[in-house]
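Shown next, in C-alpha cells, is the structure this report addresses.
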Amino acid sequence: MLAEVAGSTAAIGYGLAAIGPGIGVGLVFSAYIQSTARQPESSRLTLPYVWIGFAVIEALALLGIAFGFIWAA
Amino acid sequence: MLLAADVPFPPSVEDFYLPSIVPWGEHDNYWFTKITALLWITVALIIIFFLVTYRKPKLVPTKKQWIAESIYGFVRNNIAVDMIGPRGVTFAPYLTTLFCFILMMNLWGIVPVVQISPNSHIAFPAVLAVISYVMFIYVGARHHGGWKYFKHALIPPAPWFILPLLIPIEFFSTFLVRPFSLAVRLFANMFAGHMLLLVFTLGGFAMLNANAWFAPFSVVSWVMTIALTFLEFLVVCLQAYVFTVLTASYVQGALADEH
C-alpha cells in the first residue's frame, strides 16, 4: 500500500538549492576567520569583501526562495 | 480578537497583499494599504529626524545630534570612503539616505503590531536597484566618457582569443545581473523573513487546534517567533548595509581608472 504524499515539490527543491549557497557562505566565513587568525590587523581591511562575497553567494539561496514561489506547482 | 480556529496554516503569498485602509477604498482595492502608509511614515520619520537633529548643530553635539552624526559618519567613513576612496565623500549623502531608508523600511518587519516590511514587495527594492544601476553607469560614463566607459567595463585586460568568451560574461554580470540581484536580494530577505515569522506564529495556532498532545508545543513555536525576530533584526541591519556597500562597490568599479 502506498501512502499519499501531498504538497509542493518546491519545498524539496529549495532544500536542494540551499546546499550550494550553504557551502559557499561557510567558505567565505571560514576564509575570513582563518585570515583574521593569521593576521589580526587585516580584519578591518577584509571585512567589506566578506560582506560582498557573502551577499553575492546568499543571493543564490534567496533566488531559490523567490523562484520556489514563482514556479511552485 | 482573532479566533484561533480560523487561522489558516500554511501562509501563502496572498498574506502579503493586505486589504486597503478604509477611507480610501473598498475590497480588492490596493491604492492605499498598510504598505503605502508605512512608506510615507518612513520618509516622514527620516526627514523629521534629520531636520530636528540638525536644526541647531553645536560644536559639542547633543545626544540626538550625536546619533545623527554617527549614522552619517558610519556610512561616510566605513562605506563611502572605505569602498570608493577619497572621492567617495561625494556619494556619502546619497548612500546615507539609501542606508537609512532601507534600514527603516526593513525595520517595520519586526516592529511589533506592524510586522511587515514594505520591502517584501519587490517594487520597492526594484526602484532602489534601478537608481543604483543608473547611478553607477552615469558616474562611469561621466568619468571615462561614454564609449570608453563601456570599453573599460566590458573588455578586461586578457589575451585576444579569450575575449569572445569574456565580453558576454562581463556584460551579463555587470549590466544584467547586478540590478536584478540587488533587487531580489533585498526583496527575498524581507519576504522570507516575514514568511518565517508567519510560519511560526500561525504554526502555534495550528498546533493549538490540532489536538491536546500538540497544544503545549504551540508555546515552543511562539518562543521561536521571538527568537527569530532577533535574528531578523540582524538580517534587517545586514541587508541595509549590504545594499549600500554593493552600491558603493559598483560606483567604485565604474570610477576605477585601471584594472
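Chains A and B supply the protein sequences, listed in that same order. Following my numbering, the numbering of the first sequence begins with 52 at its first residue and continues without gaps. Following my numbering, the numbering of the second sequence begins with 45 at its first residue and continues without gaps. Just so you know, even glycine gets a beta-carbon here, dropped at the ideal spot from N, CA and C.
Check: Val183 (chain B) versus B:Pro54, B:Ser64 and B:Gly297, residue with shortest Cα-Cα distance; Outcome: B:Gly297
Check: Alpha-carbon spacing of Phe205 (chain B) relative to Ala232 (chain B), whole angstroms; Outcome: 39 Å
Check: Cα-Cα separation, Ile199 (chain B) to Gly190 (chain B); Outcome: 14 Å
Check: CB contact check: Trp122 (chain A) to chain B, cutoff 8 Å; Outcome: no
Check: Under the three-state DSSP convention, the category Thr106 (chain B) falls into; Outcome: coil
Check: Beta carbon proximity, Asp126 (chain B) to chain A, threshold 8 Å; Outcome: yes
Check: Chain B within 8 Å of Ala69 (chain A), Cβ atoms only; Outcome: no
Check: Thr77 (chain B) in three-state terms, based on DSSP; Outcome: strand
Check: Extent of the continuous alpha helix (DSSP H) run through Gln296 (chain B); Outcome: Phe261 to Leu299
Check: Three-state secondary structure (DSSP) of Ser161 (chain B); Outcome: coil
Check: Cutoff 8 Å: Ile116 (chain A) Cβ touching any chain B Cβ; Outcome: yes
Check: When B:Pro223, B:Gly117 and B:Leu62 are compared against Phe287 (chain B), the one with the closest alpha-carbon; Outcome: B:Pro223
Check: Span separating the alpha-carbon of Val295 (chain B) from that of Tyr65 (chain A); Outcome: 33 Å
Check: Range covered by the alpha helix (DSSP H) that runs through Ala256 (chain B); Outcome: Premise fails: Ala256 (chain B) is in no alpha helix (DSSP H) and is neither H nor E.
Check: Pair within 8 Å by beta-carbon distance, Phe145 (chain B) and Thr86 (chain B); Outcome: yes
Check: Cβ pair count under 8 Å reaching 3, the stretch 241-249 of chain B against the stretch 271-285 of chain B; Outcome: yes
Check: Counterpart residues of Ser64 (chain B) in DSSP-defined beta bridges; Outcome: B:Thr77
Check: Beta-carbon spacing of Gly104 (chain A), Ala61 (chain A) below 8 Å; Outcome: no
Check: Under 7 Å by beta carbon: chain A residues contacting Asn233 (chain B); Outcome: Leu113
Check: Val107 (chain A), enclosing alpha helix (DSSP H) - first and last residue; Outcome: Ser94 to Ile121
Check: Chain B within 8 Å of Ile108 (chain A), Cβ atoms only; Outcome: no
Check: Interface flag, Arg120 (chain B) vs chain A, CB-CB below 8 Å; Outcome: no
Check: Cβ distance (whole Å) where Val158 (chain B) is taken to contact Leu82 (chain B) below 8 Å; Outcome: 7 Å
Check: Arg89 (chain A), enclosing alpha helix (DSSP H) - first and last residue; Outcome: Ile70 to Arg89
Check: Distance between beta carbons of Ala250 (chain B) and Val51 (chain B), contact taken as under 8 Å; Outcome: 7 Å
Check: Buried or exposed (CB count within 10 angstroms, at least 16 for buried), Pro208 (chain B); Outcome: exposed
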